[in-house]
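Notes follow once the structure below has been shown.
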Amino acid sequence: MVTARGILQALRADPAGRIGLFGLVILVFLSAGSTRLAPHAPDAFVGPILAPPGRFHLLGTNGLGQDILSQVLAGCRISLTVAVTVGFTGTALGFLAGAAAGFHPKRLGVFIMRVVDGLMAVPRLPLIILLAVFLRPRLVNVIGVLVFLSWPGVARTIRAQVLSVRERDYLRFVRFSGGGFLYVLRYHLWRELLPLLLAKAAAVAGHAVLAEAGLSFLGLGDPTLKSWGTMIRSCLDYPGILWTPAWSWWLLPPSFMVSLALLSFTLIGYGLDGVFKREAAG
Amino acid sequence: MIRYVSKRLAGCIAVFLAALCLNFLLPRLVPGNPIQDLTSGVGSVAVALDPEAMAVISRYYGLDRPLLDQFRSSMAGMLRGDLGYSIQYRTAVSELLKERFPWTLLLTLSGLVLSFMAALVLGARGGSGHGTQWWVLTPAIVLESIPPFVLGSLLLVFLGVHGGFFPLGGGSTPFSALTGVRKLMDLAHHAALPVLVLAASSFFSFYLVVRSSTSMVRNEPYVLMAHLKGLPERTIRTRYVLRTALLPVVTFFGLRLANSAGGAILVEVVFGYPGIGRLTYEAVLGHDYALLQGCFLTFTLWVLGVNFITDCLYAALDPRVKEA
Chain X
21 MVTARGILQA LRADPAGRIG LFGLVILVFL SAGSTRLAPH APDAFVGPIL APPGRFHLLG
81 TNGLGQDILS QVLAGCRISL TVAVTVGFTG TALGFLAGAA AGFHPKRLGV FIMRVVDGLM
141 AVPRLPLIIL LAVFLRPRLV NVIGVLVFLS WPGVARTIRA QVLSVRERDY LRFVRFSGGG
201 FLYVLRYHLW RELLPLLLAK AAAVAGHAVL AEAGLSFLGL GDPTLKSWGT MIRSCLDYPG
261 ILWTPAWSWW LLPPSFMVSL ALLSFTLIGY GLDGVFKREA AG
Chain W
392 MIRYVSKRLA GCIAVFLAAL CLNFLLPRLV PGNPIQDLTS GVGSVAVALD PEAMAVISRY
452 YGLDRPLLDQ FRSSMAGMLR GDLGYSIQYR TAVSELLKER FPWTLLLTLS GLVLSFMAAL
512 VLGARGGSGH GTQWWVLTPA IVLESIPPFV LGSLLLVFLG VHGGFFPLGG GSTPFSALTG
572 VRKLMDLAHH AALPVLVLAA SSFFSFYLVV RSSTSMVRNE PYVLMAHLKG LPERTIRTRY
632 VLRTALLPVV TFFGLRLANS AGGAILVEVV FGYPGIGRLT YEAVLGHDYA LLQGCFLTFT
692 LWVLGVNFIT DCLYAALDPR VKEA
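Structural data, given as structure tokens:
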């Protein structure tokens, strides 16, 4: 029986999974305490411009005299919000669609897979940019676009799994005794595929963080929020900044944080993938 | 084979048509309209137009006609190769795309080939059962985790600004009038950093695919037979294992090639490289919607085309596909 606790234990036993979990715990801690830990508001002008890290500003200030540490913490909250919402919603939608397509492979399945193939054939980043330009630049819209683009990949994997799982003897028996789609979904597929779902959720969350950072970097994110991508953009846009020492405390913290978030999600996904493969192998 | 190919082709065309419709409908579905944007949008000077002037403008651009009618004329224009007019560059969108596309092609192709070669050399060894290659895997995972635009910015700072080894942006030295080998060297010099970034970002997944593919083939009976015959390890690796193991890698190369064009957008922006990605960004900045849509269509066409060719190539290489 696969339980959430068992998966967590297996993940902690895996070296990659352990490092990933550790990174994620740090991120969750930072974003949960972001309002309490941050010395200033992320968009308040609180000091001299481009002040190096010191007693008053632990990570220095940017070109507008805003506190870098506060911005990094605020960005952590935004990225994690995007990661969690997109990760869960996208995976849940993909799971439902994929399971339905695998369970009714004839008409419904063919229809769903056509939609999935179509959505996956369109280039991702250009489509994200196109949608982000024409919708209003708000965080909700960014999240919506990312969810819309993330479910097909999950659905494709889940469908392949469901197609093989549904032919097992016990599931044949369940269906034969009158267990419908929702019953099988809730009592069998869910437990059977939980590690895979979590691995997919981690991968989707990682892609979402990357896409959000990229969009903010292009200036298509929510203009009222200070996300990591926005920080990197504004640093590179500051004239001549790269020839002064200031880039090191302005550019490096958000770069490091984005990479840490992506690394954590990649490693967790990698570890969970291993767990699923071991489960499947018996 | 022909049936398979025509089926794939039909799928591609369907997706392309859907993309065309999306491209047409999206700006018309969202709130606001171009005339509003013209008079009070971001970046435009606010002018008050009376309703009659607005009606004249909207008639001039054909925005008062029925939607289906507009769709028909825009499709007809597209068939003639007319993608509209860029308000920013004041030229036809198709001209701009034609001029910028080779740059993106140069960047993505060289980046992919570079990481493909590295993955092949390292991955074919890794599949030989010496356990996990942590010395390759760890840096590969870390490199994969740094977003390409961040890696690009960091390399730009370290190697470009402070090291002074590479130019800071652009595709070639302007006003230089170089010829022959010197010109090629100049192009390579400018492309080096972006290519390196693109290669680094796709290396990890390439490596994984090559490794799992080779380790799968390695357990086949015919490889064991080759070992028993006493063939040298080198021959087995290249002639026996790699040849079969390359099949899934070909598909994967196509997949990455298709996706990399979009992924290059951010890298091109960082390095100010004159490709389609940067053009997309400039279109976004300048509210140049016709140009933006042209870029999107180019990307779609590129992805669909590459996917189609990959499928055909795969079918030609692997006899099992034809029967399906």
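Protein chains in written order, with the numbering used here: chain X, 21 to 302; chain W, 392 to 715.
For every residue, glycine included, the Cβ atom is placed at its ideal position computed from N, Cα and C.
Contact between the stretch 233-246 of chain X and the stretch 406-419 of chain W is absent: fewer than three C-beta pairs spanning the two stretches fall below 8 Å. Contact between Tyr598(W) and Gly514(W) holds: CB atoms are separated by about 5 Å, below the 8 Å threshold. Counting only runs of 4+ residues, the alpha helix (DSSP H) found wholly inside the stretch 107-168 of chain X occupies 127-141, 144-154, in chain order. About 19 Å separates the beta carbons of Ala231(X) and Leu287(X), which is beyond the 8 Å limit, so they are not a contact pair. The alpha-carbon of Trp526(W) is positioned some 47 Å away from that of Lys126(X). Sequence-distant Cβ neighbours of Glu659(W) in its own chain, meaning closer than 6 Å and more than five residues away, are Gly666, Gly668, Arg669.
Ser563(W): not part of any alpha helix (DSSP H); DSSP gives it neither H nor E. Contact annotation: the stretch 74-81 of chain X does not touch the stretch 101-109 of chain X, with fewer than three C-beta pairs closer than 8 Å. Flagged as an interface residue toward chain W: Asp137(X), by a C-beta distance shorter than 9 Å. Nearest in C-alpha terms to Arg602(W), of all of Val512(W), Ser485(W), Phe662(W), Pro538(W), is Val512(W). Straight-line spacing of the CA atoms in Phe699(W) and Val504(W) works out to 19 Å.
With a threshold of 9 Å between beta carbons, Pro585(W) makes no contact with chain X. Per DSSP, Ser279(X) has no beta bridge partner at all. For the pair Phe507(W) and Phe644(W), the Cα-to-Cα distance works out to about 8 Å.
Using a Cβ distance threshold of 9 Å, Ala121(X) and Gly110(X) do not count as a contacting pair.
Judged by DSSP secondary structure, Tyr680(W) falls within the alpha helix (DSSP H) whose first and last residues are 680-708. Judged by their CB atoms, Leu500(W) and Leu488(W) are not nearer to each other than the 9 Å cut-off. A Cβ-Cβ separation of about 6 Å places Val641(W) in contact with Leu704(W) under the 8 Å criterion.
Among the residues facing chain X, Gly666(W) is not included, as its CB has no counterpart in that chain under 9 Å away. Secondary structure of Ser197(X) (DSSP, three-state): coil. Beta-bridge partners assigned by DSSP to Tyr476(W): Ala483(W). Using a Cβ-Cβ cut-off of 9 Å, Tyr705(W) does not count as an interface residue toward chain X, since no Cβ of chain X sits closer than that to its own.
For Thr635(W), the enclosing alpha helix (DSSP H) stretches over residues 634-662. The three-state secondary structure of Thr81(X), taken from DSSP, is strand. The three-state reading of DSSP puts Asp455(W) in coil, since its state is none of H, G, I, E or B. Nearest neighbour of Gly502(W) by Cα position, chosen from Leu695(W), Leu619(W), Ser593(W), Val697(W), turns out to be Ser593(W). Here the alpha carbons of Leu695(W) and Phe154(X) stand approximately 23 Å from one another. When DSSP states are grouped into helix, strand and coil, Asp63(X) belongs to the coil group.
With respect to the 9 Å criterion, Phe115(X) and Leu84(X) are not classified as neighbours on the basis of their beta carbons.
At least 9 Å separates the CB of Trp270(X) from every CB of chain W. Closer than 7 Å at the C-beta level to chain X, one finds these residues of the stretch 667-684 of chain W: Thr671, Tyr672, Val675, Leu683. Under the Cβ distance rule, Ala590(W) does not count among the residues neighbouring chain X, no pair being separated by less than 9 Å. Classified as buried, Arg647(W) has 16 or more neighbouring CB atoms from the shown chains inside 10 Å of its CB. Contacts with chain W at 9 Å (Cβ-Cβ) do not include Phe168(X). Secondary structure at Asp34(X): coil, using DSSP grouped into helix, strand and coil. Among the residues of the stretch 524-546 of chain W, those with a Cβ less than 7 Å away from any Cβ of chain X are Ile532, Val533, Glu535, Ser536, Ile537, Pro538, Phe540, Val541, Ser544, Leu545, in the order of the chain.
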